[in-house]
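Per the UniProt record's numbering, residue 1 is the first one in the sequence shown, and the count goes up by one each step. Beta carbons: idealized from backbone N, C-alpha and C, even for Gly. The structure appears below as structure tokens.
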Amino acid sequence: MSVPTTMFRLTGRDYPPAKLSHASLIIIDAQKEYLSGPLQLSGMDEAVANIARLLDAARKSGRPIIHVRHLGTVGGRFDPQGPAGQFIPGLEPLEGETVIEKRMPNAFKNTQLHETLQALGHLDLIVCGFMSHSSVSTTVRRAKDYGYRCTLVEDASATRDLAFKDGVIPAAQIHQCEMAVMADNFACVAPTASLI
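This is the structure we're talking about:
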């Protein structure tokens, strides 16, 4: 059996990590819902700190920043009127930064995300946020369909343990597998330190 490699390499379509100086930063669902309760994610301290580093670097270099916010139902998860639906402290948008509100895992679905990115004129996207196995990977997959080149920040994303059959798959394993899937054919996967 041959040594595994990525579909990107096999087809000659691999690319290096985006440079923040030439990319738009997309932060997906950095909301308080993920800090506690049944949707609390593993590795949040590191992920939030790294998103803050990316956010600071993007602001200092004047790069476009897009905050994606999931809208749930009033009284339910991601309640847009309650505290859980609000942005994590330190990751809130500043005046003038774009906020895209979504109701599906795919941040392009029924939103102005594609039009916003087209107006900016950037094909390179740096993507981070939550959850790596859900809204993050779903959005990255759709971005590829539109022709964007995504760099997915592996240590600025996180997920949770998932129930499967009669057991539980640990969050670290879910996250690692999702990063491998993304790196195979959907995004360049890179750590925060390589981007700032």
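CB contact check: residue i to chain B, cutoff 8 Å
i: Leu10; result: Going by chain labels, chain B is absent from the structure shown, which holds only one protein chain.
Per-residue burial, residue i [other beta carbons within 10 Å of its own, 16 or more giving buried]
i: Gln112; result: exposed
i: Ser132; result: buried
i: Leu10; result: exposed
i: Val48; result: buried
i: Glu115; result: exposed
i: Gly85; result: buried
i: Met179; result: buried
i: Phe164; result: exposed
i: Val146; result: The question names Val, but residue 146 is Tyr in the sequence shown. Label assigned to Tyr146: exposed.
Supposed contact pair residue j and residue i - C-beta distance, whole angstroms, cut 8 Å
i: Phe108; j: Thr139; result: 7 Å
i: Gly129; j: Asp29; result: 5 Å
i: Ser134; j: Met182; result: About 13 Å; that fails the 8 Å criterion.
i: Ala156; j: Met44; result: No, Ala156 and Met44 are not in contact; Cβ-Cβ is about 11 Å, not under 8 Å.
i: Pro83; j: Gly72; result: Their Cβ separation, rounded to whole angstroms, is 12 Å, which puts Pro83 and Gly72 out of contact at 8 Å.
i: Ser21; j: His122; result: Actually they are not in contact, since the Cβ atoms of Ser21 and His122 sit about 11 Å apart, beyond 8 Å.
i: His67; j: Glu46; result: Contact doesn't hold; Cβ gap of about 20 Å is too wide.
Contact under 8 Å by Cβ, residue i with residue j
i: Arg69; j: Glu101; result: yes
i: Ala57; j: Ile65; result: no
i: Arg63; j: Ile196; result: no
i: Phe87; j: Gln40; result: no
i: Arg142; j: Asn110; result: no
i: Ile26; j: Leu55; result: no
i: Ser36; j: Ala171; result: no
heavy atom of the ligand COA below 7 Å from residue i C-beta
i: Gly121; result: With respect to the ligand COA, the structure offers nothing, as it holds no ligand at all.
**Request:** Please specify which runs of the beta strand (DSSP E), each continuous and at least 3 residues long, are wholly inside the UniProt domain "Isochorismatase-like" (25-169), giving them in chain order.
**Result:** Listed in chain order, the complete beta strand (DSSP E) runs (minimum 3 residues) inside the UniProt domain "Isochorismatase-like" (25-169) are 65-70, 98-102, 124-130, 149-158, 162-164, 167-169.
**Prompt:** Using 8 Å as the Cβ pair cut-off and three pairs as the minimum, do the segment 116-135 and the segment 145-153 touch?
**Reply:** yes
**Prompt:** Is the segment 188-196 close to the segment 13-24, with three or more CB pairs under 8 Å?
**Reply:** Flag = yes, the segment 188-196 and the segment 13-24 touch.
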